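Colleague: So in the working numbering, the last one in the first sequence is 233, and the numbering has no gaps at all.
We treat Cβ as the ideally placed atom computed from N, Cα and C, and that holds for glycine.
Predicted, not measured: the structure shown is a model, and the values here were computed from it.
Questions regarding the structure given below will be posed in turn.
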Amino acid sequence: MGGWLSTESPYPVPFYDRPVLDVAPELLGATIWHGPVAVRITEVEAYGGADDPASHAFRGLTPRNAVMFGQPGSVYVYLSYGVHWCLNIVCSPAGQAAAVLVRSGKVIAGLDGLRARWPRLAERDLARGPGRLGRVLSVGPDLNGTPVTGGGPLRVTGVPTPGAQAAVDAQPTTYLAWQRSTHGRGSARIVQTGPRVGIRLAAERPWRFWLAEEPSVSRGPARSVPHPHEG
DNA sequence: ATTATGATCGTCT
DNA sequence: GACGATCATAATG
């Protein structure tokens, strides 16, 4: 997709107003900002609605998941295990629930302050995993429902990774590596997919996406997996 | 290196 | 009252 090639202006609402499986891998490599801290996204997961038993929205609208049914490009924040505030970005048209869980990233701004606050953590671990990513970005319930498209405290900027899902689909035998998209500095983005982490239902769907060779990607139970045969 | 366990609380049954 | 889209620490091989 062309048109959003500025590294400064936020990805616009139409970027998110699409099927979540298209948006999720394209979000890899983007930068998410909150105050002085910025993180380059290296790992995400896609969650659907009524079609996805692993989704918070599977059983319909509740007070907690309401923003998942709302405006694409807004943030869905939930408390994980009573401890961690995790960050999602809502996708697909309003009225249809879907969101991308931002799981991991590499800190690219505000590093000094974060290092001082968590001196025992290696730099690559600061935003590794959804709990720690939420922590470095100061994600809390106050951000629930706010936009990442401008006009709010959070911004997502950068250059989308185009056509990532299409390339994943084109791989007939494995979900393995795909390459493409050389943006500036000749940095190739290699997208890999595998099962989502920490869920029981629909655990076989390879709806987790990450950038290969990225040390900030959380270690899940599986890496990339064989392509399940149809029928 | 891998595996087990406690923490902690909002949400839904 | 049970259950997590998790993480840090402790125990064990």
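#1: Using the DSSP secondary-structure output, state which residues sit across from Trp35 in a beta bridge.
#2: Report the rounded CA-to-CA distance for Val22 versus Ala40, giving the unit in angstroms.
#3: Identify, in the order they occur along the chain, each residue of the same chain with its Cβ nearer than 6 Å to the Cβ of Val219, setting aside the five sequence neighbours on each side.
#4: How do the region 109 to 119 and the region 59 to 69 stand: do at least 3 beta-carbon pairs fall below 8 Å, yes or no?
#5: Could you have a look at Tyr18 and say whether DSSP puts it in helix, strand or coil?
#6: Between the Cα of Pro132 and those of Cys93, Ser82, Val109, spot the shortest distance and give me the residue it belongs to.
#7: Once DSSP output is grouped into helix, strand and coil, what is the label at Pro149?
#8: Do you know offhand how far Arg207's Cα is from Trp120's?
#9: Helix, strand or coil for Arg119, going by three-state DSSP, please let me know.
#10: Going by beta carbon distance, what residues of the same chain come within less than 8 Å of Ile110, once the five residues before and after it are set aside?
#11: Less than 7 Å separating the Cβ of Ile201 from some heavy atom of the ligand FAD?
#12: Rank Ala205, Leu139, Thr151, Thr195 by C-alpha distance to the C-alpha of Gly10 and give the top, closest one.
#13: Measuring CB to CB, does Glu47 end up less than 8 Å from Arg157?
#14: Measure how close the beta-carbons of Asn146 and Val77 come, nearest whole angstrom, since I'm counting them as under 8 Å.
#15: If you draw a straight line from the alpha carbon of Pro14 to that of Gly75, how long is it in whole angstroms?
#16: Would you tell me roughly how many angstroms separate the C-alpha atoms of Asp54 and Pro143, rounded to the nearest one?
#17: Express the C-alpha separation of Gly196 and Tyr177 in angstroms, rounding to a whole number.
#18: Out of Ala96, Pro95, Gly97, Ala101, point me to the one whose CA is closest to Leu89's CA.
#19: Kindly indicate which three-state DSSP category Arg66 falls into: helix, strand or coil?
#20: Taking the straight line between their C-alpha atoms, what separation do you get for Pro162 and Gly31?
#21: From what residue to what residue does the beta strand (DSSP E) around Arg210 run?
#22: How many angstroms separate the CA atom of Gly97 from the CA atom of Trp209?
Modeller: According to the data block:
#1: According to DSSP, which records beta bridges pairwise, Trp35 is partnered with Ala40, Arg157.
#2: 23 Å
#3: Thr44, Glu45, Ser106, Trp212
#4: No, they do not touch.
#5: helix
#6: Ser82
#7: strand
#8: Spanning the two alpha carbons is a distance of roughly 35 Å.
#9: helix
#10: Excluding residues up to 5 positions away in sequence, Thr33, Ala40, Val41, Arg42 lie with their Cβ nearer than 8 Å to the Cβ of Ile110 in the same chain.
#11: This structure lacks the ligand FAD; in fact it carries no ligand of any kind.
#12: Checking the sequence, you will find Glu at residue 10 rather than Gly. Of the candidates Ala205, Leu139, Thr151, Thr195, the one whose C-alpha sits nearest the C-alpha of Glu10 is Thr151.
#13: no
#14: Yes, Asn146 and Val77 are in contact; Cβ-Cβ is about 6 Å, under 8 Å.
#15: 8 Å
#16: 24 Å
#17: Legend: pLDDT at Tyr177 = 37, less than 50; position of this residue unreliable, no value from coordinates given.
#18: Ala101
#19: If DSSP states are grouped into helix, strand and coil, Arg66 belongs with coil.
#20: Spanning the two alpha carbons is a distance of roughly 7 Å.
#21: 210 to 213
#22: 22 Å
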